[in-house]
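Engineer:
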Amino acid sequence: MADPDGGGTLDVLLDVMAEEFSILTRSPILHTPAESGLEFEDVTFPSEDGTPLEGWLIPANSADTIIIMGHPQWCSRAGLPSHLEPWKSLGAYGGNDFEVNFIPDMKILHDAGYTVLAYDHRNFGHSGAANNGFTSNGIFESRDVVGAVQYVRGRQDTGSMRMGLFSRSMDCNATFFAVARRPDVFEAVRCLVGCQPLSVRVAVEQRLLSMGIPLDRLPDLDERIRRHISFRLEDLSPLPAARKVTLPTLLYQVRDDVMTRPSDVQSMFDSLPAVDKALFWIEGTTRRWDGYCHFQKEPARVLDWFERHLT
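Numbered as in this note's numbering, the sequence shown ends at 435 without a single skipped number.
What follows is the structure in structure tokens.
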């Protein structure tokens, strides 16, 4: 990238990137389970710190198992309207300009016999605002994961159900942070499926490279981000938390995702102390959103993981 004024234009761009990184635009909930003929209950429950969270409880007849679904950054429980602006621009540089709809995933899980709790994290969807609207790549959001597990345990109709977690991207990071911080809450959780956990530093590096910005400006951007949210990029890494996750864990990732590098999720997988763990790669695409939509197209491996650990 050329910078004709000797740094000024690039400095302004880094300021804008830091501000956009700090506070995210909410996406609307454009779909509901009713579109797939599913009965559901609108529910609200508190996060660990009291932030009100909104979700859907989708019961399966005679189910004694439940799957808790969070969502990636920028999304809501329903998905992401990234075929529309301004959400289209969020991942368009990586070819991610198509809609993500999570309702088919809920239908697949329901039809496989699982009750489903799908909810919005703080500052997303219909859930409450918190932490001045800042995103933290899972640190603050880990409180929502704790709240969701406690909510399921506290309901009379779900309290004794065997529980699994289906966590994507930011929500997977949040789950790592939550399990590391509150292992007592997760003693009753049987397993985790994690789709595309992400180190923010790696994602930011990839974004800078895609824009032609030299990586020697990364420390400048890092400092700008810290001034907004009080965290450095390294503070947001889920890797240290992953080293404390002993749940049976299945991870998967688009191998050639241009928004990250394979080494990032591989390092998280290698760090997991879980005895029972697996990792598979999605091939033939560079689009991160294909990872988010993979389950509804090829659900067998994820369903097998849940069946093995929840029955």
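Positions of the beta carbon are idealized from the N, C-alpha and C atoms, including for glycine.
Predicted model, so just to flag it, every value in this text is computed and none were measured.
Give the secondary structure of W413 by DSSP, where H, G and I count as helix, E and B as strand, and everything else as coil.
Structural biologist: Counting from one through the sequence shown, the residue named residue 413 turns up at place 289. Correct three-state label for W413: helix.
Engineer: Could you tell me whether the segment 248-267 touches the segment 206-216, using the rule of 3 or more Cβ pairs below 8 Å?
Structural biologist: no
Engineer: Might you give, ordered along the chain, the residues of its own chain that have their beta carbon closer than 6 Å to the beta carbon of L181, omitting 5 neighbours on each side?
Structural biologist: In the sequence shown, the residue the question calls residue 181 occupies position 57. So the qualifying residues of the chain are E165, V167, L241.
Engineer: Taking Cβ to Cβ, would you say V382 is nearer than 7 Å to T410?
Structural biologist: Here residue 382 refers to the residue found at position 258 when the sequence shown is read from its first residue. Here residue 410 refers to the residue found at position 286 when the sequence shown is read from its first residue. The beta carbons of V382 and T410 sit closer together than 7 Å.
Engineer: Given a cut-off of 7 Å, decide if L316 and T373 are closer than it, judged by their beta-carbon atoms.
Structural biologist: Stepping through the sequence shown from its first residue, residue 373 is reached at position 249. Stepping through the sequence shown from its first residue, residue 316 is reached at position 192. Cβ atoms of T373 and L316: closer than 7 Å.
Engineer: Give every residue of the same chain whose Cβ lies closer than 6 Å to the Cβ of W413, excluding the five residues on either side of it in the sequence, and list them in chain order.
Structural biologist: One-based indexing of the sequence shown puts residue 413 at position 289. Once the five neighbours on either side are set aside, the close Cβ partners of W413 are N220, V224.
Engineer: Under a three-way DSSP split, which group does N220 fall into?
Structural biologist: Locating residue 220 in the sequence shown gives position 96, counting from the first residue. Three-state DSSP puts N220 in coil, outside helix and strand.
Engineer: On a CA-only basis, which of V303, L289, D295 is nearest S200? Give me that one, please.
Structural biologist: Working through the sequence shown from its first residue, we reach residue 200 at position 76. D295 is the residue among V303, L289, D295 whose C-alpha sits nearest the C-alpha of S200.
Engineer: Between the C-alpha atoms of A126 and I349, what's the straight-line distance to the nearest angstrom?
Structural biologist: Here residue 126 refers to the residue found at position 2 of the sequence shown. Here residue 349 refers to the residue found at position 225 of the sequence shown. Here A126 scores only 42 on pLDDT, less than 50, and its place in the model should not be relied on; the value that follows carries that caveat. Each residue's Cα considered, the two are about 23 Å apart.
Engineer: Are the beta-carbon atoms of P376 and F404 separated by less than 7 Å?
Structural biologist: Within the sequence shown, numbered from 1, the residue matching residue 376 stands at position 252. Within the sequence shown, numbered from 1, the residue matching residue 404 stands at position 280. First, the residue type needs correcting, since residue 376 is Tyr and not Pro in the sequence shown. In this structure, F404 lies closer than 7 Å to Y376 by Cβ.
Engineer: So, with DSSP's three-state summary, where would you put K421?
Structural biologist: To locate residue 421, count along the sequence shown from 1; it is residue 297. In the structure shown, K421 adopts helical secondary structure according to DSSP, grouped into three states.
Engineer: Taking DSSP as the reference, what is the three-state secondary structure of W198?
Structural biologist: Mapped onto the sequence shown, residue 198 falls at position 74. Look at W198 here: in three-state DSSP terms it is coil, with no helix or strand label.
Engineer: Could you give the residue range of the alpha helix (DSSP H) that holds E521?
Structural biologist: The first residue shown for the chain is 125 and the last is 435, placing residue 521 beyond what the model contains.
Engineer: Going by the CB atoms, is the gap between G283 and F430 shorter than 7 Å?
Structural biologist: On the sequence shown, residue 430 is found 306 positions in, with the first residue counted as 1. On the sequence shown, residue 283 is found 159 positions in, with the first residue counted as 1. Not in contact: F430 and G283 (Cβ atoms no closer than 7 Å).
Engineer: Kindly identify the DSSP beta-bridge partner or partners of S266.
Structural biologist: As a position in the sequence shown, residue 266 is number 142, starting the count at 1. Its beta-bridge partners do not exist; DSSP assigns none.
Engineer: Between which residues of its own chain and I190 is the CB-CB distance below 8 Å, once the five residues before and five after are set aside?
Structural biologist: Working through the sequence shown from its first residue, we reach residue 190 at position 66. So the list reads Y238, T239, V240, L241, V276, T282, M285, R286, M287, G288, once near-sequence residues are dropped.
Engineer: Nearest CA to the CA of L371: which residue from V399, K421, H245, R379?
Structural biologist: Residue numbering aside, residue 371 sits at position 247 when the sequence shown is read from its first letter. Residue V399 is the option with its Cα nearest to L371.
Engineer: Of the choices S160, S293, L154, D235, whose alpha-carbon is the least far from that of M193?
Structural biologist: Here the question's residue 193 lines up with position 69 in the sequence shown. Taking only the C-alpha atoms, the option nearest M193 is S293.
Engineer: Return the chain-ordered ranges of every alpha helix (DSSP H) run that is complete within the segment 210-255 and spans a minimum of 4 residues.
Structural biologist: 212-215, 227-235
Engineer: Have a look at V369, S186, S387 and flag the residue whose alpha-carbon is nearest the alpha-carbon of R314.
Structural biologist: Here residue 314 refers to the residue found at position 190 of the sequence shown. For the residues V369, S186, S387, the minimum Cα distance to R314 belongs to V369.
Engineer: To the nearest angstrom, how far is it from the Cα of F355 to the Cα of T175?
Structural biologist: Locating residue 355 in the sequence shown gives position 231, counting from the first residue. Locating residue 175 in the sequence shown gives position 51, counting from the first residue. CA-CA distance, F355 to T175, rounds to 21 Å.
Engineer: Using only the alpha-carbon positions, how far apart do I353 and L363 sit?
Structural biologist: Here residue 353 refers to the residue found at position 229 of the sequence shown. Here residue 363 refers to the residue found at position 239 of the sequence shown. Distance between the alpha carbons of I353 and L363: 20 Å.
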